[in-house]
Structure formats: structure tokens, C-alpha cells
Amino acid sequence: MQGKETSDIKERFGMAIKRRRVELSMSQESIAHRAGLHRTYISEIELGRRNVSLENIANLARALDTTICSLFQSYDEA
């Protein structure tokens with residue numbers, strides 16, 4: 012059961028990242044550049060395939076012009 016829950020958490024967080032990126036009309040490439048990450052890493056986050064570190068969550072929040080708290084509020088709505 013824990014494996015399924017972990018996967019669900021990653022998928023929901025990925026959806027929250029994608030939702031915010033789409034709200035800003037930004038590409039994965041531009042978000043990746045702003046966050047100092049690779050575009051394929053952003054894609055894998057949005058698909059729920061990556062377990063994102065706290066440092067990268069902070070980098071993503073900054074790149075998406077939002078707060079970490081807002082990303083997790085959006086996560087709850089996913």
C-alpha cells in the first residue's frame with residue numbers, strides 16, 4: 012500500500028506543478044531554466060515519476076513565481 016501512496020503523492024505534486032506552469036503560459040523548458048533544472052526533469056516531475064528534493068521544490072516555487080506553501084495548497088486541490 013505504501014508504494015501506491017508514494018506514487019499518488021508524486022503524481023498529485025506533479026499535477027500541481029503543471030497546473031501552475033500552465034497558468035503562467037510557460038514551457039517546461041523556460042521553467043527548467045529559471046529553476047536551474049533540466050527540461051526532462053520537469054517533465055518527469057509533472058508525470059509523477061520523480062521524488063523531488065526540498066531544494067528543488069524551493070527552486071520550482073521561485074521559478075513559478077509562487078511560494079512553497081501555495082504549491083502544496085494547489086497539491087491538495089489536485
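With the working numbering, letter number 52 in the sequence shown gets 63, and the count goes up by one each step, no holes. Think of the CB as a built atom: it goes at the ideal place given N, C-alpha and C, for glycine as much as any other residue.
Beta-carbon separation (whole angstroms), residue i vs residue j, contact threshold 8 Å
i: I42; j: L75; result: 7 Å
Beta-carbon proximity check, residue i vs residue j, cutoff 8 Å
i: N67; j: L48; result: yes
i: I53; j: A69; result: no
i: E57; j: R50; result: no
i: L82; j: A27; result: yes
i: T77; j: R31; result: yes
Status (buried if at least 16 other CB within 10 Å, exposed otherwise) for residue i
i: L35; result: exposed
Taking only runs that begin and end inside the stretch 19 to 51, name each unbroken alpha helix (DSSP H) of 4 or more residues, in chain order. Runs of the alpha helix (DSSP H) lying entirely within the stretch 19 to 51 and spanning at least 4 residues, in chain order: 39 to 46.
Identify every run of the alpha helix (DSSP H) within the stretch 52 to 88, keeping only runs that are complete inside it and at least 4 residues long; order them along the chain.
Segments of the alpha helix (DSSP H) lying fully in the stretch 52 to 88: 65 to 74, 79 to 88.
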